[in-house]
Amino acid sequence: MAKITQDQAHFLLLKINSLMGLIPIGVFLAFHLGINALRTVGPLQYQLSIDLINNLPFLFGIEIAFIYAPLLFHSMMGFYIYFSGKRNVGHYGYPRNWRYTLQRITGLIVFAFLIYHLGTTVAPKIFYGKHQFLAAPFLMDIMNAEFQTWSGRIIYLIGISSATFHFANGLWGFCVSWGIIIGQNAQRNASIVFAMVGLVLTFLGFATVLEFSLNPIPVTPTVGE
Amino acid sequence: MAQRKKKIIIVGGGLAGLSAAMKICESDQAEVTLVAYQSLKRSHSVCAQGGINAAIDSKGEGDSPDNHFYDTIKGGDFLAEQPLVRDMCYKAPAIIHLMDRMGVAFNRTPEGHLAFRRFGGTLYSRTAFSGATTGQQLVYSLDEQIRKYEHDGLVQKMVWHEYLGAVLDSKGVCRGAIIHDLRTNEIFTLAGDAVILATGGPSQVYAGSTASTVNTGAAATMAYMQGAKYANGEFIQIHPTAIPGRDKLRLMSESARGEGGRIWVPKREGDTRDPLKIPEMERYYFLEEKYPLFGNLVPRDVASREIYDVVYNQNLGIGGQSMVYLDLTHKSKEFLQDRLGGILDIYKKFTGDDPKLTPMKIFPAVHYSMGGLWTDYETDSAGMIEPKSPRNQMTSIQGLYAAGEADCHYHGANRLGANSLLSCIYTGLMMGPGVLSYAAQVSKSTEDVPSSVFDDAKSYWTGRFKSISQLNGRENPYKLHRDLGEMMMANVLIVRDNKTLEKAFNSISDFETRFKDVKCVDSNDWANPTPSFINQLYCMIQLSKIITKGALMRDEFRGAHYKPEFDLKQPSDFDPHEYIHYQEQKNFGEVKDDAFPKSHLDYMKRFEANNNKWLKTSIAQFEDNQPNITYADVNTSLMIPRPRKYD
Amino acid sequence: MSQKTIKLKIKRQDNPRSKPYWQEFEIPYQPLSNVISCLQDIQKSPATANELGVNPVIWDCSCLEEVCGSCTMIINGRVRQACTALVDQIESPIVLEPMSKFPVVRDLMVDRNRMFRALKKVKAWVDIDGSQDLGEGPIMADSVRATRYTLSECMTCGCCLEACPQYTKDNSFLGAAAFSQVRLFNLHPTGAMHADERLEEVMGKGGIADCGNAQACVEACPKNIPLTDSIADISRQTSLKLLKDLLLK
Numbered sequence: 106m107a108k109i110t111q112d113q114a115h116f117l118l119l120k121i122n123s124l125m126g127l128i129p130i131g132v133f134l135a136f137h138l139g140i141n142a143l144r145t146v147g148p149l150q151y152q153l154s155i156d157l158i159n160n161l162p163f164l165f166g167i168e169i170a171f172i173y174a175p176l177l178f179h180s181m182m183g184f185y186i187y188f189s190g191k192r193n194v195g196h197y198g199y200p201r202n203w204r205y206t207l208q209r210i211t212g213l214i215v216f217a218f219l220i221y222h223l224g225t226t227v228a229p230k231i232f233y234g235k236h237q238f239l240a241a242p243f244l245m246d247i248m249n250a251e252f253q254t255w256s257g258r259i260i261y262l263i264g265i266s267s268a269t270f271h272f273a274n275g276l277w278g279f280c281v282s283w284g285i286i287i288g289q290n291a292q293r294n295a296s297i298v299f300a301m302v303g304l305v306l307t308f309l310g311f312a313t314v315l316e317f318s319l320n321p322i323p324v325t326p327t328v329g330e
Numbered sequence: 003m004a005q006r007k008k009k010i011i012i013v014g015g016g017l018a019g020l021s022a023a024m025k026i027c028e029s030d031q032a033e034v035t036l037v038a039y040q041s042l043k044r045s046h047s048v049c050a051q052g053g054i055n056a057a058i059d060s061k062g063e064g065d066s067p068d069n070h071f072y073d074t075i076k077g078g079d080f081l082a083e084q085p086l087v088r089d090m091c092y093k094a095p096a097i098i099h100l101m102d103r104m105g106v107a108f109n110r111t112p113e114g115h116l117a118f119r120r121f122g123g124t125l126y127s128r129t130a131f132s133g134a135t136t137g138q139q140l141v142y143s144l145d146e147q148i149r150k151y152e153h154d155g156l157v158q159k160m161v162w163h164e165y166l167g168a169v170l171d172s173k174g175v176c177r178g179a180i181i182h183d184l185r186t187n188e189i190f191t192l193a194g195d196a197v198i199l200a201t202g203g204p205s206q207v208y209a210g211s212t213a214s215t216v217n218t219g220a221a222a223t224m225a226y227m228q229g230a231k232y233a234n235g236e237f238i239q240i241h242p243t244a245i246p247g248r249d250k251l252r253l254m255s256e257s258a259r260g261e262g263g264r265i266w267v268p269k270r271e272g273d274t275r276d277p278l279k280i281p282e283m284e285r286y287y288f289l290e291e292k293y294p295l296f297g298n299l300v301p302r303d304v305a306s307r308e309i310y311d312v313v314y315n316q317n318l319g320i321g322g323q324s325m326v327y328l329d330l331t332h333k334s335k336e337f338l339q340d341r342l343g344g345i346l347d348i349y350k351k352f353t354g355d356d357p358k359l360t361p362m363k364i365f366p367a368v369h370y371s372m373g374g375l376w377t378d379y380e381t382d383s384a385g386m387i388e389p390k391s392p393r394n395q396m397t398s399i400q401g402l403y404a405a406g407e408a409d410c411h412y413h414g415a416n417r418l419g420a421n422s423l424l425s426c427i428y429t430g431l432m433m434g435p436g437v438l439s440y441a442a443q444v445s446k447s448t449e450d451v452p453s454s455v456f457d458d459a460k461s462y463w464t465g466r467f468k469s470i471s472q473l474n475g476r477e478n479p480y481k482l483h484r485d486l487g488e489m490m491m492a493n494v495l496i497v498r499d500n501k502t503l504e505k506a507f508n509s510i511s512d513f514e515t516r517f518k519d520v521k522c523v524d525s526n527d528w529a530n531p532t533p534s535f536i537n538q539l540y541c542m543i544q545l546s547k548i549i550t551k552g553a554l555m556r557d558e559f560r561g562a563h564y565k566p567e568f569d570l571k572q573p574s575d576f577d578p579h580e581y582i583h584y585q586e587q588k589n590f591g592e593v594k595d596d597a598f599p600k601s602h603l604d605y606m607k608r609f610e611a612n613n614n615k616w617l618k619t620s621i622a623q624f625e626d627n628q629p630n631i632t633y634a635d636v637n638t639s640l641m642i643p644r645p646r647k648y649d
Numbered sequence: 048m049s050q051k052t053i054k055l056k057i058k059r060q061d062n063p064r065s066k067p068y069w070q071e072f073e074i075p076y077q078p079l080s081n082v083i084s085c086l087q088d089i090q091k092s093p094a095t096a097n098e099l100g101v102n103p104v105i106w107d108c109s110c111l112e113e114v115c116g117s118c119t120m121i122i123n124g125r126v127r128q129a130c131t132a133l134v135d136q137i138e139s140p141i142v143l144e145p146m147s148k149f150p151v152v153r154d155l156m157v158d159r160n161r162m163f164r165a166l167k168k169v170k171a172w173v174d175i176d177g178s179q180d181l182g183e184g185p186i187m188a189d190s191v192r193a194t195r196y197t198l199s200e201c202m203t204c205g206c207c208l209e210a211c212p213q214y215t216k217d218n219s220f221l222g223a224a225a226f227s228q229v230r231l232f233n234l235h236p237t238g239a240m241h242a243d244e245r246l247e248e249v250m251g252k253g254g255i256a257d258c259g260n261a262q263a264c265v266e267a268c269p270k271n272i273p274l275t276d277s278i279a280d281i282s283r284q285t286s287l288k289l290l291k292d293l294l295l296k
């Protein structure tokens, strides 16, 4: 294989970054919000889904390869992108320019939120060695506690809506920057479709938060210790 | 020993300069330095809207380069140099195809061939066009080719630099140019085997013109003051349709009429009704009525005169003001957007009215100078242009060339629409091989010229600019320029008479006196345009003398130069072919008295006598701070000069 | 008698290294005035509201009919051409600033050389064999011509770049104008023969992938050039080239 120049690497990294926002990060986000929304169906369904995930083979490898590494990459690239431009909605407040600016700001918010989210869920899980069937009740306890306070609820509402906006708008950006949609009409229509996707995901996330806030139900391991 | 590459300095980044640069670069025999007042892509050529002529006859109308030649010569009232014009018209189709190959977005037919539209002064569809910004598109594609050569290292661009004059050696041969860096204000010399001036026209001499702010004509005037002949200066084209404005009069392209635009005024004096409410019966379509054959597409000089007449003599200007309607509202919006979108948008932007819904208000404005630096050419035994002759386009200063609007031979007494883009590109391309052969045979190479020649030129100009920047009088140069322009507008425009011209010529000395009291209003030593402008203003004063004196001395009516006093009063039923018969009869012996109606015969005799006296190129030479004007014969060997008629 | 006047507030700078400062001017109102005629009036009697004999304001201009692109500046906070800024249609006082994305030469005059360098980089030209008579150019559908014409109306004025949040003074982003030119030349039958060379030039640092799709460019373009279509189209061309290079080479 020919040697890749710096310019080619730059182009490739940005392209991969855009793609990565969709696969796997976007897919994971949709999956994550969808699964969590099972909470609105009932605690048991929710717990079973978490059990299923926590008992996947090679879970650690899957999480690293499909979630943490891409997230880290997307974040680093995101910081680079954030600092490569200078936002100017003050003078040029066109809707698309606002979305450009919000994409960058929500990126920062989601990054901060993820630190919080991982720090309050995954980190204790690892720290206390709660794996497999122990993970679900442990995490649900944490979440129950989280949503008993307004601060917790607000942090999650902001985090979720930022993530869904970032994803839906990023989906549009992906389609444009890979040249999948070109014309102005196509771009507008795609905006509408992706906005719906974003709204559906936001709805799922908010419903879950609402359910947790209204009905904190303590759960026990599905399998005895 | 490897042959040294020749150095060619080209001044001007418009169509003529760029096409000369392209032709010369292509030969790979010379290094080109392209000096431009502003970034390329900004030159005045971009303002040309309507199109470029070439008799390709894609519509099967029977057009031919010979017809194009005839129309051009007739349009110019036979004052143009015929061998050159013929060569230009013959080369025109190849030029269009070349531009097309370079990527100019010329409008197309359904089959994908070039589309052509009609323009003034011809009955054929001969004008290739690229939307409504043909000049811009042509400049861009030439600029792109030059960018490629720049990328390949064959062109060095020097933008934001001003040409101040030619460096002349002791024998008066041009050895380079004096250049002024408009940012650092540094003055330096560039050595070159030949210098090409493609510096455009002088319309800034007038206050109401369609010109760009840079069209001061200063570079050509500088050549004139260094001894070059300036020809036909009095022939200034007034474009019939421009949009009134305070900073400039914006052009409304002839293509608006080419695509069906009609010029009219209300029949009743001082009618202030909304134009759309004025019924057809109460509109005076004066061009269509007076010129049933050419209608709204009479040549520009004719149209401007008629508008002037309607407004000032018949007092029929819209609402008593000096404006007439140019009406496109009878055409569909889609058609207008497609064919004229660009220019109609401009009208809307600058006036707030939408020409698709309401007739435009327009008035004539100074547009183009048919005259310019006199240039030479050489023909072979068959009378065709010798393609490699070093004389082609050379001014009367050896080694100094001129092209484009800065030259003088292609449009005679009146330019036809869409011929200027052609003449700019043609002269640029045509002169290339000649300039190279001159550079190859120039007696001494530039290195052998004593350095004192360059040092002297540099110290003269450094001194001049130093003294300009110290001027501390009471006159603001920008104000003085405006006043000069107003004076020229008032006295040396469409209708000329000797009394006014004489008064105008005398008043120029007042401007010279005022000029001595100028103040350099800007004290900055960085990117200061005022000293340059003061120098240009001096040139414009000299130019106004050439124009005014030329107009004063030329006692006839020819093309754009209209002196009613000397109108030969063509009988209304006269047919120009009679004149050909008359000439033939004369050649075969004598003309019988009863061969023509008496009034026709008398007219033809007047016409002939007038041509014997005045069918000449006026040549201005700078002597004792005044233009000394003499007259030189025009080459009319290819077509007998005959009366013009468009109805 | 109070005469109607036009008030202007102008950001001035004496040279590229000096500090900018503001001056206020007041000139008599006249109908049909635009920002250019105001600046010309200032030239004719250069004096601020409270100081006589200041240097006239320097700005770049040429055609005054919005085809040359020279007189681009920031007027009341937005980038546009001064010639089309009619006094009757804009807010008073009129605030004039030089474009912020390019080095200031003096006052309102900036150096847009970076734009011309970008055109050179992306090889914005059709390669021809020479100017000799080689017959007709390629046959082309008028619809393709129409698209090309719209793109070719770009006068390198820089409005798109001034409005672009991704284009900054210190990065190397090429910007919408250059990308649109790549599309223009790749659309030409002869130009397309060298399409890959142009695409390569925009597939690097500062290239098409750096575009953040803020689409302020298309809003700011005075010529209504569909710049965002161009960006998406060049994105497609470069994506396909990337895949082709990865999979087929």
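Chains as they are written, first to last, in the working numbering: chain S, 106 to 330; chain B, 3 to 649; chain L, 48 to 296.
Glycine included, C-beta positions come from ideal geometry on N, C-alpha and C.
Since we're looking at a predicted model, the values are computed, not measured.
Beta strand (DSSP E) segment containing residue i, residue limits
i, result
"M160(B)", "157-161"
"P629(B)", "628-635"
"L541(B)", "Position check: residue 541(B) holds Cys in this sequence, whereas Leu was assumed. Unbroken run through C541(B) is the alpha helix (DSSP H), 532-555; no beta strand (DSSP E)."
Proximity test, Cβ basis, 7 Å: residue i and chain L
i, result
"V179(S)", "First, the residue type needs correcting, since residue 179(S) is His and not Val in the sequence shown. No, H179(S) lies away from the interface with chain L (no Cβ there is under 7 Å from its Cβ)."
"F116(S)", "yes"
"V13(B)", "no"
Close Cβ partners of residue i (< 8 Å) along its chain, the five nearest in sequence each way excluded
i, result
"A4(B)", "Confidence at A4(B) is low in this model, with a pLDDT of 48, below 50, so the placement of that residue should be treated as unreliable; the coordinate-derived value is given next. Excluding positions up to five away in sequence, the list is empty."
"A367(B)", "G210, S211, T212, I240, H241, A244, L251, L253"
Residue i vs residue j beta-carbon contact at 7 Å
i, j, result
"T201(B)", "A221(B)", "yes"
"I57(L)", "D249(B)", "no"
"Y293(B)", "D626(B)", "no"
"F331(S)", "A129(L)", "Because chain S in this structure spans residues 106 to 330, residue 331(S) falls outside the shown range and cannot be described."
"R44(B)", "S109(L)", "yes"
"V48(B)", "V141(B)", "yes"
Beta-carbon contacts of residue i that lie in its chain and below 6 Å, excluding the five residues immediately before and after
i, result
"R59(L)", "Y68, Q70, D154"
"G260(B)", "R119, R120, F121"
"K25(B)", "L431, G434"
"Q90(L)", "P103"
Contact with chain B by residue i, beta-carbon distance below 7 Å
i, result
"G184(L)", "yes"
"L289(L)", "no"
"N218(L)", "no"
Same chain only: Cβ atoms within 7 Å of residue i, ignoring 5 sequence neighbours per side
i, result
"W277(S)", "A295, S296, F299"
"S132(B)", "V106, A107, F108, N109, Q139"
"V494(B)", "L503, A506, I549, T550, A553"
Contact set between the stretch 282-305 of chain S and chain L, restricted to residues whose Cβ is under 8 Å from the partner: Answer set for the stretch 282-305 of chain S: S282, W283, G284, I285, I286, I287, G288, Q289, Q292.
Near-chain L residues of the stretch 183-203 of chain B (beta-carbon distance less than 9 Å), N- to C-terminal order: For the stretch 183-203 of chain B, which is checked against every Cβ of chain L, the residues closer than 9 Å are R185.
Residues within the stretch 483-498 of chain B neighbouring chain L, beta-carbon criterion of under 8 Å: From the stretch 483-498 of chain B, only R484 have a Cβ closer than 8 Å to chain L.
Residues of the stretch 181-198 of chain S with Cβ closer than 9 Å to any Cβ of chain L, in chain order: Cβ contacts with chain L come from I186, S189, G190, K191, R192, N193, V194, G195, H196, Y197.
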